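Here's the structure we're looking at; comments come further down.
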Amino acid sequence: MAVKTDTEVIIGGKVFTLSGYESEEYLQKVAAYLNNKISEYADDESFKRLPLDTQSVLIQLNIADDYFKARKQIELLEEDIANRDKELYDLKHELIATQIKMENTERNLKKANGGPVS
413 MAVKTDTEVI
423 IGGKVFTLSG
433 YESEEYLQKV
443 AAYLNNKISE
453 YADDESFKRL
463 PLDTQSVLIQ
473 LNIADDYFKA
483 RKQIELLEED
493 IANRDKELYD
503 LKHELIATQI
513 KMENTERNLK
523 KANGGPVS
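This is the structure:
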């Protein structure tokens, strides 16, 4: 059974205790991601003038955008893998069919030349 991890992290200059079944390194990585998102806006004067709840929503929208773009990329990669698998399957069958034709041609050639047929 997985062990629950409690880890202190700093997000936006505040200390939080994150709990989860992931490793401490993973939880720190999540906090670092959030801090990077926050720092993307930190130097934007127009952003700083917005109410805190609006700032929070904009950061959440940015994170959701990242999520949906990542999901789309996963879908494209999965589709690419499926297409490559189908192409590989088709190539394997084409190779087998070609090998069978080659064996039949060799057999017919031996038969035509009067040699032993295997």
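If you use this note's numbering, the sequence shown corresponds to residues 413 to 530, in order.
Backbone N, C-alpha and C fix where the C-beta goes; we use that ideal spot for every residue, glycine too.
Computed from a predicted structure; not experimentally measured.
Check	Outcome
Per the DSSP calculation, I423 is bridged to which residue(s)?	K426
Between the C-alpha atoms of I422 and A476, what's the straight-line distance to the nearest angstrom?	21 Å
If distances are taken between C-alpha atoms only, which option among K426, E506, F459 and E457 comes closest to A444?	K426
What first and last residue would you give for the alpha helix (DSSP H) that runs through D455?	It is not in any alpha helix (DSSP H) - D455 carries neither H nor E in the DSSP assignment.
Since S431 contacts K416 with CB under 8 Å, what's their CB separation in whole angstroms?	6 Å
Among L521, D418 and E515, which one has its Cα closest to the Cα of E437?	D418
Per DSSP, T417 forms a beta bridge with which residues?	G432
Measure the C-alpha to C-alpha separation of L521 and I512 and round it to an integer number of angstroms.	14 Å
Please identify the residue among L446, G526 and E420 whose C-alpha is closest to the C-alpha of I471.	L446
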